[in-house]
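Numbering-wise, this note's numbering comes out as the position in the sequence shown, counting from 1, plus 846.
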Amino acid sequence: MKFHQIIFCIILLSVTGIADIPLDGEWRFNIGNDANWADSEYNDSAWYTINVPGSWEEQGFANYDGVAWYRKTFHFGDSSWIGDTIYLQLDNIRDSLTVFINGGLIAASAPKERLYLKIPRPGLTQANLLAIKIDNVGGNGGLLSAPVLLTDYKTPGKNDSNRLKAHRSWYILPFSNGISVATYNVAERCFVNFTPHLFSQYDHREKTPVVVSSARTTLFKNRREIDLSEMETLSAGYIEGTGIVRHQLRNSECTLDQYAFSPFSSKGALWAFFAVLSAESVDEYAFNFEFNDVAPGVNIGKWSFREGNKLWLFVVCNYDRNLNPKAYGIIRKYKNENPGFSALVKEINWWKNWQQITVIPEDISDIEKSVYLQSLALLKMAQSRERFPARGQIVHTFPPDKMAVASVAGMGFAIDAFLKSGHYEEALAALQFIMNGSCSSLKHYYWSGENRGLGQNYAVSLNYYHGNGTEATDTGEFGPIFYLGNFGMLLWNLRKYIETSGDYHFLDYYWPKISSEIADVIINNIEPGGLLKADNGFYNRGAPKHYFFTSATAYRGLVNAVWLARMVNDEFRANQYELIANALRKSIEETFIDGDNQVIFCLECDDKTFDAVNVLGLLWVFTPQDVCSKETLVAMEKQLKINHGFLRFPPGKRFADNEWVPADLFIANLNHFMTNFSKARALKNWVSSQSFYNYGLIPEYYTTDQADYTGIVPLCGLGAGVYVSSFWGE
């Protein structure tokens, strides 16, 4: 297959990333001064050609001091831009300059190290002429340093009102095939943390190892290494809607394209890399791919190719924990089955076919669509393809983070996202993982001489899962940490799956377990006062308490259990669940709504603390038009609002005082249902914009001071899953 054909295939799928327009490269240039040179209709075909950035003294105009003009045409696609404000960013201008776009004056400025000029967006057309007049009084003159570009983000300053614009603050991209994982650091130009499993721990003893600590492409010219950190990034990110990482770099002499992925055609831990060099002549160049801290069992194959002015390196590595000497044969077979560049093309086609069934919401913007598709790709990468019992689980994030575990809440939103986007097979695999898991470790447990266990078998982990599908929990000073809301969450998923897929065979098969070990567990843990027994709510620390979220989730679960029971003609249980659900709702209304018609966070809290996760409870128990829903949202906007979004708790309460991204999405949904469309749109745009700038990834938090990514990144079910689901209503 010819190289140019492959590159064409790749270009068809854009890289998820920032919407900057780079303006470096060749410009038209002339010395002297004529006001007509600002006119977009002026014919500059007889002008000199000059490279930007760089001084004109170094490009044939030595010792020239005075006025010179630069002209360049750029194309503007309105749909690719996020912000309402567009800036022309120039660095190290010598000396004073005057800027025109399409003949209109934009600004004039004295010499500066960095300059941002605001561009009127309505004045831009599809093709635009940028003219810059520079007056140099001595020394090097011109546009001396990169970057030279159009951008919709202005780098923040200490007192800059634009400092909380959407921007890039994250540079680490995981890639996986549902078995093996690694990450690419865009800033450091290296691959790190190769692990042979998605999960951080297989069981309570065996942790997932890092089998390669780091790897990188090394590029040489005339046997001298070229520092990739000094090469300019042209584009970086995922090929849109895939798990394939691409980073394109260049300097004045060559362009380097890097690709990395774990092939979904592989049934084991396998990583594949391509490095592609383009130059006028590649005779002076050479490649290598270095691995560091390689564990026993890692096998590596490297092959180089050349075609015309293209030189490329193909690298494949795998891992076999049993040190099987035949494991290298898997690499050789993969290479032989994928000659030349075809492994990358096949992987692109695999993702294209997978996304073909994706259901796209109507009236979705280009940016939202990009984040939507990338969120689904992330969820696909986060779901285990290993054999039973690991198969189907969806991790919270990727290793080596210790939160690379399958939690019921995180999986719940991932399942919902798969269902709403048309990926039923993935939803089914996740549900089967839960239904076939090994739980009930807290059937009986003693703390302070008291049996606090659930007293019966149950089918859903009270906290999270190890990689082998066994229940895992953490223990604090008040005993095991457990979440009774997990039962209601799963019943919500089960109903949505049956409704959406029509898979009644699944329901018939699992109904005995669903009824006796999920729905009945909720009933058996309702206290005489009418609420669910104390637990840890939604990832709450400290002693168990009576949380609104837990009882609200239980109520919603029982409502769904009524529907499920009637689908299998179990009218006895349907009536029982309905009666208890109505009683639970009444207890919630009587206990958790205070005199201000606001929902109380938990009964034991002595202050009026709000928790943004209670928005889910409002949607599951009440209607958006109920007084308590409206009053609670008003109170949250007073206590939790920060910058463009929301905290989870008021400042100084319980968790980090950072903007909690799931809260932004939950509250956007509630506002939408309340017909507060402008507020809902603003929140959704904020999260979409931030994610678009950060390779389609969604974090746990934005920092308060700069809105940088922090916490768990990427956040899978509670981030990507919630984002996808937010387009489809409750």
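Heads up, the beta-carbon is just placed ideally off N, CA and C, and yes, glycines get one too.
Whole angstroms is fine: what's the gap from residue i's alpha carbon to residue j's?
i: Arg-1152; j: Trp-1158; result: 6 Å
i: Pro-868; j: Val-994; result: 6 Å
i: Tyr-1584; j: Ala-881; result: The question about residue 1584 has no answer here: the residues shown for the chain are numbered 847 through 1576.
i: Trp-915; j: Ser-1098; result: 23 Å
i: Asn-1199; j: Glu-1450; result: 52 Å
i: Pro-1020; j: Asn-1184; result: 23 Å
i: Tyr-1310; j: Leu-1377; result: 23 Å
i: Trp-873; j: Phe-907; result: 15 Å
i: Ser-1267; j: Lys-1484; result: 35 Å
i: Tyr-1539; j: Lys-1525; result: 21 Å
i: Gly-1256; j: Phe-1384; result: 11 Å
i: Gln-1104; j: Pro-1207; result: 32 Å
i: Arg-1070; j: Phe-1133; result: 11 Å
i: Phe-1160; j: Lys-1179; result: 14 Å
i: Phe-1519; j: Pro-1470; result: 6 Å
i: Ile-1488; j: Thr-1556; result: 16 Å
i: Tyr-1541; j: Tyr-1084; result: 7 Å
i: Asn-1382; j: Glu-1034; result: 40 Å
i: Val-1128; j: Phe-875; result: 30 Å
i: Glu-1296; j: Glu-1317; result: 22 Å
i: Asp-870; j: Ile-1213; result: 25 Å
i: Ala-1061; j: Asn-1138; result: 6 Å
i: Asn-1504; j: Thr-1549; result: 5 Å
Could you give the DSSP three-state label for residue i: helix, strand or coil?
i: Thr-1478; result: helix
i: Phe-1468; result: coil
i: Glu-1078; result: strand
i: Phe-875; result: strand
i: Ile-1015; result: At residue 1015 the sequence reads Ser, which differs from the Ile that was named. Reduced to three states, the DSSP call for Ser-1015 is coil.
i: Thr-1319; result: coil
i: Val-1144; result: strand
i: Phe-1243; result: Looking at the sequence shown, residue 1243 is not Phe but Thr. Here Thr-1243 sits in coil by DSSP.
i: Thr-1549; result: coil
i: Val-1459; result: coil
i: Trp-1506; result: strand
i: Ala-1228; result: coil
i: Thr-1054; result: coil
i: Leu-1486; result: coil
i: Ser-1216; result: helix
i: Trp-1293; result: strand
i: Ile-928; result: No answer about Ile-928 holds up, because its pLDDT of 49 lies below 50 and its placement is not dependable.
i: Gly-1003; result: Reliability fails at Gly-1003, whose pLDDT of 47 lies under 50, so the model's placement of it is uncertain and no value is given.
i: Asp-890; result: coil
i: Tyr-1329; result: coil
i: Asn-1170; result: coil
i: His-1392; result: coil
i: Phe-1512; result: helix
Please check the pair residue i and residue j, which I expect to be a contact at CB under 8 Å, by giving their CB distance rounded to whole angstroms.
i: Leu-1529; j: Ile-1513; result: 6 Å
i: Thr-1243; j: Leu-1561; result: 6 Å
i: Leu-1337; j: Gly-1403; result: 4 Å
i: Leu-943; j: Ser-1026; result: Not confirmed; about 51 Å, so no contact.
i: Phe-1040; j: Val-1058; result: 4 Å
I need the boundaries of the alpha helix (DSSP H) containing residue i, first residue and last residue.
i: Ser-1108; result: Counting along the chain, Ser-1108 falls outside any alpha helix (DSSP H), and DSSP gives it neither H nor E.
i: Phe-1279; result: 1270-1281
i: Tyr-1423; result: 1417-1438
Excluding sequence positions up to five away, which residues of its chain have a Cβ less than 7 Å from the Cβ of residue i?
i: Val-945; result: Leu-934, Ile-952, Ala-953, Leu-963, Ile-978
i: Leu-1300; result: Leu-1288, Lys-1289, Val-1367, Asn-1371
i: Gln-828; result: An answer regarding residue 828 cannot be provided, because it is not within the stretch 847 to 1576 covered by the chain.
Let's see if you can read the secondary structure: which residues bound the beta strand (DSSP E) around residue i?
i: Gly-912; result: 912-921
i: Phe-1040; result: 1036-1041
i: Glu-1071; result: 1070-1072
i: Phe-1119; result: 1116-1125
i: Thr-944; result: 942-947
Which same chain residues, not among the five before or five after residue i, have their C-beta less than 6 Å away from its C-beta?
i: Ala-1566; result: Ser-1221, Leu-1224, Leu-1225, Ile-1544
i: Gly-1258; result: Met-1335, Asn-1339
i: Ser-1286; result: Asn-1303, Tyr-1304
i: Trp-1293; result: Gly-1325
i: Phe-1607; result: Since the first residue of the chain shown is 847 and the last is 1576, residue 1607 is not available in this structure.
i: Gly-1003; result: Per-residue confidence for Gly-1003 stands at a pLDDT of 47, beneath the threshold of 50, marking its modelled position as unreliable; the derived number appears in the next sentence. Result list for Gly-1003: empty, nothing under 6 Å.
So is residue i in contact with chain C if we call contact Cβ pairs under 8 Å?
i: Ala-954; result: In summary, chain C is missing from the structure at hand, where a single protein chain is found.
Which same chain residues end up closer than 8 Å to residue i when comparing Cβ atoms and leaving out the 5 residues on each side of it in sequence?
i: Ser-1347; result: Leu-1265, Tyr-1270, Ala-1273, Leu-1274
i: Val-1408; result: Ala-1420, Tyr-1423, Glu-1424, Ala-1427
i: Trp-1532; result: Ala-1012, His-1490, Gly-1491, Asp-1510
So does residue i have its beta carbon nearer than 7 Å to some heavy atom of the ligand SAH?
i: His-1013; result: For the structure depicted, the ligand SAH is absent and the ligand set is empty, with no information on it obtainable.
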